[in-house]
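Numbers -20 to -1, 1 to 590, taken from mature numbering (1 follows the signal peptide of the UniProt record, and there is no 0), label the letters of the sequence shown in order.
Virtual Cβ for every residue (Gly too), placed ideally from N, Cα, C.
For reference, the structure discussed in these notes is given below.
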Amino acid sequence: MKRLAPLWAFALLIPTLALATTAPAQPGPATEAELRQSLTTLLEEHHIPGASYAVFDRQGTVLSGVIGLADSGTRAPVTDGTLFRLGSITKTVTAIAIMQLVEQGHFGLQTPVSELLPEAPIENPFGESDPVRVVHLLTHTAGFDDTHIKAFFSPVERRGRHLESSLQHPEPLVVRWRPGRHEGYSNPGYVLLGAILEAHYQKPWEDVVSERVLKPLGITHVAALGTQAARRDHAPGHSGSDMHRTPVFFEQTQADGALWCTATDLARLGRFILTDGASAPGVLRPETVRLMKQAQGTVGTREGLAYGAGLGLHHRIIQGLLWQGHAGGVLGGKASMHFHAEQGLGYVLLLNSDNELRKLEEPLAAFISHQTQWKPSAPTLRPIESDVDGWYRYANPRISLLSLPTYLLDTARVTAKGDTLSVEPPLPGFGYQATLKHHGEGRLSDVDYGDVVNGVVVRDESGAAVGLELGGDYLRRTSMAAAVLPLASVLLSLALLLSTPFGRRASLRNRWVRRLPSLALLSLVLGIVCAANLEWTLLAHMNWQTVGVWAASVLFPAFGVAGLVLSVRTWRQEPVAVARWRCLLGSASAVCLSLWFATFGLFSFALWRW
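Encoded structure:
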């Protein structure tokens, strides 16, 4: 799905985020030399200093290679032994360690987390009927927020202490919808899984996964702490077109993204999952690994959708084919480990820059397809019932900080025609836009991603269409008024507020009738300017940018309310109707916008406390 909400619309809230897209499949490299050349060219185009890659099958590593520089400053080259940061691929290792305890009967996937971690600061309004369970942590379906800004980094490097971190930063552990309904990618859920492992074994997380997962898989070129990696051949992070070094920050926790590894060693993890555990007997039973690969935990998967989050694994569409594994992204680095079950091959790609990942995965996927000459069967499309027609709103944002722009902008009108569903935003450039094909039984594919089924129509017990699950996003059915009027009210309010400063000065007896809404507008502009100058490294601290955002969130409603009160009090004293109406509506518009901000927790909003 393509979400077209423009970034400027929520510049007041966070700095720019990059949204990944998938290009249509193109002819790719057929030989190892062509693969290396394709990757080298893409590294240059996207200003990435270096990379390490590997292709594996069920027997072992088929090929591997390194390209470029590990460090743009020292000009040290990437070698076969260079450690790269894996980011969230670490979650797959954590999940394997958890599934070992499930196999051994210490607890089950349906065990409430509160039974294993009574101190865990989970705030769940649905707790009596729907507690957060282990499976919800593994599949990102607990309803938690993602990591809040102040919990990203630590002033000192931590080892273990995952429960302590959750207790210090409980803000993300608020359940936003009933657990087990929608996916919402959440690093804090894996922090709790790390705490479960440490509570059971009475050891730090890194000792647990080293003894029970990494060493049994034969993964030896690995580090779990940044200081460990720094003492060895490693690839520091880089960003930007100038390939500048990114600062090295200590992480608050490890279980959700701390590992460093080489491409060839990481291929052992991919091979283990591809072979259902046969490459390392005794680590997990075959049926357990197969269970990990099953998408589960959402209303869509209960409708038969096979696309989505498994237990520590995710699906990914590359070159129009469905791959499975995990990707990782951190400041200064990106990584991918994915396999295609039918072709029996997979790849690992490690980069020491956060500039790009997906476009560099495409040559690897294309190379594998050239080797196997595997072709998916042609889809059989079916007409779709027109009862899905209507308005929908995106309901499961990953970050609660984006709840307001999500609510206002991420809506769409869905129209069925034959075997096609058209998803169109109410205004060009806003909301969702996609063209979906119906494969029967409510299963959907996005034409921009090929024929892979990655969506489904969700129906209630009576059979009525109540939502669409699309690529992990859930679109809940709503009315046209509920979809359109909130955005219309905001756009109208902005237009009226912008008109307030204009007009003849002499037309008003009390100049503050115009000055107050004008000051409200000025404070809003101030907040946008401050937010536009924010960087991730600045978000958790008091500085002119974050203080400016906070000041704007206080001054804007204060000036709006003051202007509205003054306009009402002086209404009969102002002789020019046009001027007094303009100022009244301007102040009322500021109050209207302030109510939207307050409803979504953005009044007196301090990023350093979020």
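Residue range of the beta strand (DSSP E) that includes LYS397: 391 to 397
Are three or more beta carbon pairs between the segment 489 to 509 and the segment 535 to 553 nearer than 8 angstroms? yes
Do PRO150 and GLY123 have their beta-carbon atoms positioned less than 8 angstroms apart in this structure? no
Would you decide whether ALA215 is buried or exposed? Buried here means 16 or more other CB atoms lie within 10 Å of its CB. buried
Taking LEU477 as the reference, give the member of ALA463, VAL493, SER498, SER487 with the closest Cα. SER498
Helix, strand or coil for TYR170? Go by DSSP, reduced to three states. helix
With distances taken between CB atoms, is the gap from GLY308 to LEU254 smaller than 8 angstroms? no
So, using beta-carbon positions, are LEU96 and ARG139 closer together than 8 angstroms? no
Output the distance between the C-alpha atoms of HIS116 and ARG161, rounded to the nearest integer angstrom. 9 angstroms
Hey, PRO168 and THR119: beta-carbon distance below 8 angstroms or not? no
Could you have a look at HIS294 and say whether DSSP puts it in helix, strand or coil? strand
Of all the options GLY566, VAL470, PHE347, LEU455, which has the alpha carbon lying nearest to the alpha carbon of PHE482? GLY566
Simplified DSSP state of SER109, which is helix, strand or coil: coil
Taking C-alpha atoms, which residue in GLY250, PRO57, GLN90 lies nearest to THR70? GLY250
At 4 residues or longer, and completely inside the segment 306 to 370: list those alpha helix (DSSP H) runs for me, N to C. 338 to 352
The alpha helix (DSSP H) with ALA275 in it runs from where to where? Careful: ALA275 lies outside any alpha helix (DSSP H) and carries neither H nor E.
According to the neighbour-count rule (16 or more other Cβ atoms, all chains shown, within 10 Å of its Cβ), is HIS112 buried or exposed? Checking the displayed sequence, the identity of residue 112 turns out to be Val instead of His. By the neighbour-count rule (16 or more Cβ atoms within 10 Å), VAL112 is buried.
Just to confirm my understanding: we take GLN276, look at its own chain, exclude 5 residues before and 5 after, and list those with CB closer than 8 angstroms. What are they? VAL115, THR119, GLY288, ALA289, GLY290, LEU291
Unbroken stretches of the beta strand (DSSP E), 3 residues or longer, contained in the segment 424 to 506: 433 to 439, 445 to 450, 453 to 458
Determine contact between the segment 18 to 35 and the segment 357 to 371, defined as no fewer than three beta-carbon pairs at a distance below 8 angstroms. no
Between LEU392 and ALA570, what straight-line distance do the alpha-carbon atoms span, to the nearest angstrom? As written in the sequence, residue 392 is Ala, which differs from the Leu given in the question. Rounded to the nearest angstrom, the two C-alpha atoms are 27 angstroms apart.
Please state the DSSP three-state secondary structure of PRO29. coil
Just to confirm, are THR526 and LEU582 a CB contact at a threshold of 8 angstroms? no
GLY300 versus ARG192 - alpha carbon distance: 36 angstroms
Specify, as a first and last residue, the run of the beta strand (DSSP E) that ALA414 falls within. 412 to 418
Residues sharing a beta bridge with CYS241, DSSP: PHE64, VAL202
By how many angstroms is the C-alpha of LEU173 removed from the C-alpha of ALA75? 8 angstroms
Whose CA, out of GLU365, ALA444, ALA463, lies closest to the CA of LEU407? ALA463
Suppose the cutoff is 8 angstroms on Cβ atoms and the five residues either side in sequence are ignored; what does the same chain contact list for THR352 look like? GLN323, GLY324, LEU325
Tell me, to the nearest whole angstrom, how far the beta carbon of VAL433 is from that of ALA321; I am working on the premise that it is less than 8 angstroms. About 15 angstroms; that fails the 8 angstroms criterion.
What do you reckon, are the CB atoms on GLU342 and ILE298 nearer than 8 angstroms? yes
Taking 8 angstroms as the cut-off, decide whether the C-beta atoms of THR244 and THR11 are in contact. no
Please name the residue in TRP524, THR395, LEU564 whose C-alpha comes closest to that of LEU496. LEU564
Mapping the DSSP letters down to three states, classify VAL263 as helix, strand or coil. coil
Cβ-based neighbour list, HIS521, same chain, cut-off 8 angstroms, excluding 5 preceding and 5 following: TRP588
Since VAL73 and VAL189 are thought to touch, with beta carbons under 8 angstroms apart, how far apart are those beta carbons, to the nearest angstrom? 5 angstroms
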